[in-house]
């Protein structure tokens, strides 16, 4: 889910900012107009297009809500804003804004986990239509085909990718996988495991005298390696263009890694060279992918360095 990749600091205000930008991109030809809530209230909508789409955004500030609590908050928010949308107090304000006949009212949320919100939307749609029938002249801004549509973050993958990458928002992507998802790397290809083992000993031969430290490093880099594969697959599902750019940078730098390690004839410098290559790659990541969170950059660096060890991009003198 794309929402899981957005910075955990995302709150209601930032969500509204993101979604307004998404609609400006998606409905550019339909002249999307945002409505600041500060101006006498928003009347149950936060923007509209000339083609008759109105939006209302909502993101709970607590990202750890239970399914039941999340549903309650979504239901309450939808109810309150639909009530505003058909409230006589707001009608004149909406009409002064020049809203067209509204055909669709989009309830734009990061996610929902309970089908009851769909059922609730259907009930509120009927409420709007029945209210309209009571006074067609007063409610002439509501289409006879009016509908309530629930939209989630995944519906705006293209727009969110464009916005985050263009840095017109402070929201960053967080691609660090959950720590609870640590893979069992012992099932990995034995050749990959052996590659990492011999590279670690080539980088720091004294590790042969410290089996505990050696095994800890082996566990770390094999875990990085496995998580890196999963991380790129996850990116491909949500931001394939970002994954493509990461792979292109990785491929170009991989050649640099191979050349520098092969040209190094002094195996006592292996450890220093290993650290320098990792630091240089991290700088390149920060330069080219500054829309990723700092934790994501560090995580991505470790995962890709692990792939160099496992996939033979690094060939240090001293390998046996």
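Numbering (full-length UniProt numbering), first residue to last: 1 to 320.
Each residue gets a CB set at the ideal place from its N, CA and C atoms; glycine is no exception.
For residue 271, the secondary structure class from DSSP, reduced to helix, strand or coil, is helix. CA-to-CA, the gap between residue 285 and residue 77 works out to about 40 angstroms.
Following the DSSP letters along the chain, one finds residue 307 inside the alpha helix (DSSP H) bounded by residues 294 to 310. Secondary structure of residue 10 (DSSP, three-state): coil. Sequence-distant Cβ neighbours of residue 200 in its own chain, meaning closer than 8 angstroms and more than five residues away, are 207, 214, 217, 218, 221 and 309.
Taken through DSSP and simplified to helix, strand or coil, residue 145 comes out as strand.
Per DSSP, reduced to three states, the secondary structure at residue 248 is helical. In the DSSP assignment, residue 55 forms a beta bridge with 47 and 106.
Excluding five sequence positions before and after residue 26, the CB atoms of its chain that fall closer than 6 angstroms to its own CB belong to 159, given in chain order. Closest by C-alpha distance to residue 205, out of 168, 254, 139 and 269, is 269. For residue 82, the closest C-alpha among the options 62, 69, 127 and 96 is that of 127. Under the DSSP assignment, residue 204 falls outside any alpha helix (DSSP H); it carries neither an H nor an E label. Per DSSP, reduced to three states, the secondary structure at residue 34 is strand.
The Cβ atoms of residue 203 and residue 291 lie no closer than 8 angstroms to each other. Annotated three-state conformation of residue 182 is coil, per DSSP. Rounded to the nearest angstrom, the Cβ distance from residue 261 to residue 273 is 7 angstroms, consistent with a contact under 8 angstroms. Counting along the chain, residue 225 sits inside the alpha helix (DSSP H) bounded by residues 211 to 238. Beta bridge pairing from DSSP links residue 150 with 107. Secondary-structure assignment with DSSP links residue 173 through a beta bridge to 6 and 292. The beta carbons of residue 61 and residue 113 sit no closer together than 8 angstroms. Look at the beta carbons and you see the segment 45 to 56 touching the segment 94 to 108: at least three pairs across the two are nearer than 8 angstroms.
Look at residue 254 here: in three-state DSSP terms it is helix. Our two residues, residue 94 and residue 117, have alpha carbons roughly 26 angstroms apart in a direct line.
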